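*Asks:* Chains as they are written, first to last, in this note's numbering: chain A, 59 to 207; chain B, 59 to 207. Ideal placement from N, C-alpha and C gives every residue a C-beta, glycine not left out. If you're wondering where the values come from, they're calculated on a predicted model, not measured in any experiment. Below are the structure tokens for one structure; questions will follow.
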């Protein structure tokens with residue numbers, strides 16, 4: 059099954075700060091979307107909202123300072139049952155995030171779009187970790203395309 | 059075999075301008091790297107250079123206004139024999155690029171890095187098409203990680 063994968067890294071943050079940014083509701087609002095509800099604990103559902111709805115994820119794994127995994131239980135049909143994994147590593151001085159959105163059934167055009175969009179938000183996450191300011195949804199519209207119009 | 063895929067789109071360019079940006083040496087310097095030599099014709103080799111070397115691609119296909127395809131013949135070992143495809147579409151008012159870097163043998167960490175790096179350059183290509191200013195290599199160092207240090 060095809061996957062979307064990405065990697066960012068910076069010396070200007072800690073493993074703890076990166077883990078907070080991908081595991082806590084407050085952290086996620088800084089770089090993906092400001093409209094998030096639910097609770098980040100294993101078995102709970104987190105709801106992410108954009109202009110026209112958005113996905114719900116069940117929290118599958120929370121391994122402190124190492125890994126966060128979710129499963130999509132509602133959202134775009136191509137996303138249902140796909141998983142998102144955030145794996146955190148320390149490589150020399152750099153704190154690294156390996157991101158994977160896996161379990162896509164086909165390499166459809168929407169997957170091409172989502173790959174670039176994830177890249178955009180994750181580069182924003184790196185910016186947030188370095189400067190305190192990310193690029194969550196709604197802040198800089200149409201950086202990728204007008205897909206969501 | 060795993061692939062890196064991306065999609066950008068904008069109403070603020072033409073199919074001709076996008077094709078020029080991915081098919082001509084001058085066009086490629088605006089968004090990937092300024093250090094390019096060789097000739098963009100089928101069967102020729104184009105050399106892309108960064109701080110520590112860079113890949114050589116054989117031009118496999120040049121289908122005006124529609125497609126550009128290259129094969130990596132020298133460069134990072136994970137890239138050898140991989141192909142890069144640029145496919146151009148018109149969707150309603152939007153001029154769209156579907157990008158694919160295909161034929162990777164394994165989803166190694168370098169592939170994660172390259173996926174995000176391609177996203178960064180392609181978002182810069184969209185910016186170039188809209189504003190005349192892209193983000194080619196060397197302009198904004200370390201937007202992704204310090205992988206290349």
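So which residues of chain A does residue 60/B contact, with C-beta pairs closer than 9 Å?
*Replies:* The contacting residues are 60, 61 and 63.
*Asks:* Give a yes or no on whether the C-beta atoms belonging to residue 125/B and residue 144/B are separated by under 8 Å.
*Replies:* yes
*Asks:* What would DSSP say about residue 121/B, mapped onto helix, strand or coil?
*Replies:* strand
*Asks:* Drop a sphere of 10 angstroms on the beta-carbon of residue 74/A, count the other beta-carbons inside from all chains shown, and report buried for 16 or more, exposed for fewer.
*Replies:* exposed
*Asks:* Identify, in the order they occur along the chain, each residue of the same chain with its Cβ nearer than 7 Å to the Cβ of residue 177/B, setting aside the five sequence neighbours on each side.
*Replies:* 64
*Asks:* Can you pull the chain A residues whose beta carbon is under 7 Å from the beta carbon of residue 171/B, in chain order?
*Replies:* The answer, in chain order, is 65.
*Asks:* Residues of chain A with CB under 8 Å from residue 137/B, in chain order?
*Replies:* Those within 8 Å of residue 137/B in chain A number zero; the least Cβ separation is about 16 Å.
*Asks:* Is the segment 130 to 146 of chain B in contact with the segment 111 to 118 of chain B, if contact means three or more CB pairs nearer than 8 Å?
*Replies:* yes
*Asks:* At a Cβ cut of 9 Å, what residues of the segment 177 to 206 of chain B count as close to chain A, listed as they run along the chain?
*Replies:* 177, 178, 180, 181, 184, 185, 200, 201, 202, 203, 204 and 205
*Asks:* May I ask which residues mark the beginning and end of the beta strand (DSSP E) holding residue 145/A?
*Replies:* 141 to 149
*Asks:* Would you mind reading off the limits of the beta strand (DSSP E) that contains residue 95/B?
*Replies:* Unbroken beta strand (DSSP E) run through residue 95/B: 93 to 96.
*Asks:* From residue 157/B to residue 134/A, what does the alpha carbon distance come to, in whole angstroms?
*Replies:* Separation of residue 157/B and residue 134/A (C-alpha to C-alpha, rounded to the nearest whole angstrom) is 22 Å.
*Asks:* Taking Cβ-Cβ distances shorter than 8 Å, what residues in chain A pair up with residue 154/B?
*Replies:* 203
*Asks:* Put residue 237/B into one of helix, strand or coil per three-state DSSP.
*Replies:* The requested residue 237/B does not occur in the structure, where chain B is confined to residues 59 to 207.
*Asks:* For residue 184/B, which three-state DSSP category applies?
*Replies:* helix
*Asks:* In chain A, which residues lie less than 8 Å from residue 69/B when you measure between Cβ atoms?
*Replies:* 204
*Asks:* Count the other C-beta atoms from every protein chain shown that fall within 10 angstroms of the C-beta of residue 122/A, then say buried if there are 16 or more, exposed otherwise.
*Replies:* exposed
*Asks:* Label residue 98/A either buried or exposed according to how many other C-beta atoms from any shown protein chain fall within 10 Å of its C-beta, with 16 as the threshold for buried.
*Replies:* buried
*Asks:* Can you tell me whether residue 85/A is buried or exposed, with buried defined as 16 or more other CB within 10 angstroms of its CB?
*Replies:* buried
*Asks:* Taking the DSSP output, what are the residues bridged to residue 137/A?
*Replies:* Residue 137/A pairs with nothing; no bridge assigned.
*Asks:* I believe residue 204/B touches residue 152/A by the beta-carbon criterion, under 8 Å. Please report the beta-carbon distance rounded to the nearest angstrom.
*Replies:* 6 Å
*Asks:* Can you give the Cα-Cα distance for residue 77/B and residue 184/B, rounded to whole angstroms?
*Replies:* Each residue's Cα considered, the two are about 12 Å apart.
*Asks:* Please report how far the alpha carbon of residue 168/A lies from the alpha carbon of residue 181/A, in whole angstroms.
*Replies:* 20 Å
*Asks:* DSSP beta-bridge partners for residue 65/B?
*Replies:* Residue pairing by DSSP places residue 65/B opposite 156/B in a beta bridge.
*Asks:* Is residue 128/A helix, strand or coil by DSSP?
*Replies:* DSSP places residue 128/A in strand when its eight states are reduced to three.
*Asks:* I want to verify the contact list: residues of chain B whose CB lies under 8 Å from the CB of residue 167/A, in sequence order.
*Replies:* 65 and 156
*Asks:* According to DSSP, residue 105/B sits in a beta bridge with which residue or residues?
*Replies:* In the DSSP secondary-structure assignment, residue 105/B is bridged to 95/B and 114/B.
*Asks:* With 8 Å as the threshold, decide whether the Cβ of residue 174/A is near any Cβ in chain B.
*Replies:* yes
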